[in-house]
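Read the structure below first, then the notes.
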Ligand code: SF4
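In the UniProt record's numbering, the protein residues as written are 1 to 358.
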């Protein structure tokens, strides 16, 4: 790319033929041993592995090859709930483990590490959020799935990014004012789409807010035939340039159906593992971030998702820990707000299943 006409400080990263894999520091022998040990442990422990699209390609392969699933957080939880295994191992971030526990309180839910969290979850502490809600009792509280179990329990509705616009439009048409949390970019997008009166909590995803609009404009000049796929946790000026705005599953479907030779993708780089499988003939290009300046915090890969590896996955199965626990009262309340979304989707024949969230 040394002769690139792009006059910006970034260098696009390419994902042509190599699957995306994070660099867990293991020798080939160690890796091979873990690849053999983990499926055996899953069987011995009557466990199923569910993994998010943003985890390492190695983890995604393991989930696929052992009869688990690779998906968004809601589908992960639903798959785990419907599977016959008594233990669900969630490779993702903590709120995903909690969502699995909320939908499956009678099952044991393990995670490779409970340290894997999310800037949206961290940025919306339950007590402060409850106080914020108490200050605005006239508003209907709608929260994104990327929140703690306690925040879900405080909400009237939980929504995924795939159904947020439909739910808020429905509430708006019913004359309701909304209190939205935690992602402000997704909130602004929903507000623009629906015209609803929305009071926004000011959270953000450290991965998606790094995408840069100016550099994206330059990149599109370089690839004029490319389609731009953007997750709505990205800044508005990036969303404005999108051909498709959608949840992880919606972006994967768009990639599969696209006739464009290249796709510029603004979401976590972990998605390229599955996207390559579904759209093998396409050139996949990561949308530019601030990654080549000193301000990069994520470089389009979630540092918490990257904490899931083969070593701690094997350990979780061997030790039966760490286990996700959620207070039963919190579970009951959170089931109510999650259930509203599921009922809404069922009534509208909207397909939440398979078109879920982040
Ligand atoms: S990618 Fe963003 S929204 Fe997803 S877990 Fe990481 S910080 Fe949270």
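Even for Gly, the Cβ is constructed at its ideal location relative to N, Cα and C.
**Study point:** Chain-order list of residues whose beta-carbon lies under 7 Å from that of residue 255 (same chain, five-residue window excluded)
**Key:** Listed in chain order, the non-local C-beta contacts of residue 255 below 7 Å within the same chain comprise 229, 263, 275, 278, 279 and 282, local neighbours out to five positions each way being set aside.
Check your understanding: So which of 224, 43 and 70 has the shortest CA-CA distance to residue 260?
Key -> Distance check between residue 260 and each of 224, 43 and 70 places 224 closest, using alpha-carbon atoms only.
Point to revise | Contact between the segment 88 to 107 and the segment 314 to 334 (3+ Cβ pairs under 8 Å) | key: Yes, they touch.
Check your understanding: Is the CB-CB distance between residue 59 and residue 313 below 8 Å?
Key -> Result yes, Cβ atoms of residue 59 and residue 313 sit closer than 8 Å.
Exercise for review: Assuming residue 213 contacts residue 191 (C-beta within less than 8 Å), just tell me the rounded distance between them.
Suggested key: Approximately 19 Å separates the beta-carbon atoms of residue 213 and residue 191; this is outside 8 Å, ruling out the contact.
Review point. For residue 55, is the classification buried or exposed, using 16 other Cβ atoms within 10 angstroms of its Cβ as the cut-off for buried?
Key: The residue is buried, with at least 16 neighbouring Cβ atoms inside 10 Å.
Review point. Is residue 183 helix, strand or coil when you go by DSSP?
Key: Note: residue 183 maps to strand in three-state DSSP.
Review point. Taking just the CA atoms, how far does residue 49 sit from residue 39?
Key: Their Cα atoms are separated by approximately 9 Å.
Review point. Which runs of the alpha helix (DSSP H) spanning at least 4 residues fall entirely within the segment 93 to 124, listed in chain order?
Key: Correct list: 94 to 103 and 119 to 122.
Exercise for review: Tell me whether residue 52 sits in a helix, a strand or coil according to DSSP, three-state version.
Suggested key: For residue 52, the three-state secondary structure derived from DSSP is strand.
Point to revise | Contact under 8 Å by Cβ, residue 91 with residue 52 | key: With respect to residue 52, residue 91 sits close: the two C-beta atoms are nearer than 8 Å.
Exercise for review: Note down the Cα distance separating residue 333 from residue 27, rounded to an integer number of angstroms.
Suggested key: Annotation: residue 333 to residue 27 spans about 46 Å, alpha carbon to alpha carbon.
**Study point:** The alpha helix (DSSP H) enclosing residue 28, as first and last residue numbers
**Key:** 28 to 44 is the span of the alpha helix (DSSP H), which, as asked, contains residue 28.
Check your understanding: When the Cα of residue 139 is compared with those of 303, 197, 227 and 287, which residue comes out closest?
Key -> The candidate whose alpha carbon is nearest that of residue 139 is 197.
Review point. Would residue 173 be called buried (16 or more neighbouring beta carbons within 10 Å of its own) or exposed?
Key: So residue 173 ends up on the exposed side.
Review point. Taking the continuous beta strand (DSSP E) assigned at residue 285, which residues delimit it?
Key: 283 to 286 is the span of the beta strand (DSSP E), which, as asked, contains residue 285.
**Study point:** Nearest-angstrom Cα separation, counted from residue 209 out to residue 235
**Key:** Cα to Cα, the separation comes out at about 6 Å.
Review point. Based on the DSSP output, what are the partners of residue 229 in its beta bridges?
Key: BP columns for residue 229 point to 244 and 265.
Review point. Going along the chain, which residues of its own chain have a beta-carbon closer than 7 Å to the beta-carbon of residue 165, five neighbours each way excluded?
Key: For residue 165, the CB contacts under 7 Å within the same chain, skipping 5 residues up- and downstream, are 190, 193 and 194 in chain order.
Review point. DSSP state of residue 69, grouped into three classes?
Key: The three-state secondary structure of residue 69, taken from DSSP, is strand.
Check your understanding: Going straight from the alpha carbon of residue 21 to that of residue 331, what length do you get?
Key -> With a pLDDT of only 45 at residue 21, under the threshold of 50, the placement of this residue in the model should not be trusted, and no figure is reported.
Check your understanding: Using DSSP with H/G/I as helix, E/B as strand and the rest coil, what is residue 84?
Key -> Look at residue 84 here: in three-state DSSP terms it is coil, with no helix or strand label.
Review point. Since residue 144 sits in a beta bridge, which residues does DSSP pair it with?
Key: For residue 144, which the question treats as bridged, DSSP gives the partners 159.
Exercise for review: Take residue 340 and list the residues in its own chain whose beta-carbon comes closer than 6 Å to its own, dropping the five residues that flank it on each side.
Suggested key: Excluding positions up to five away in sequence, the list reads 157.
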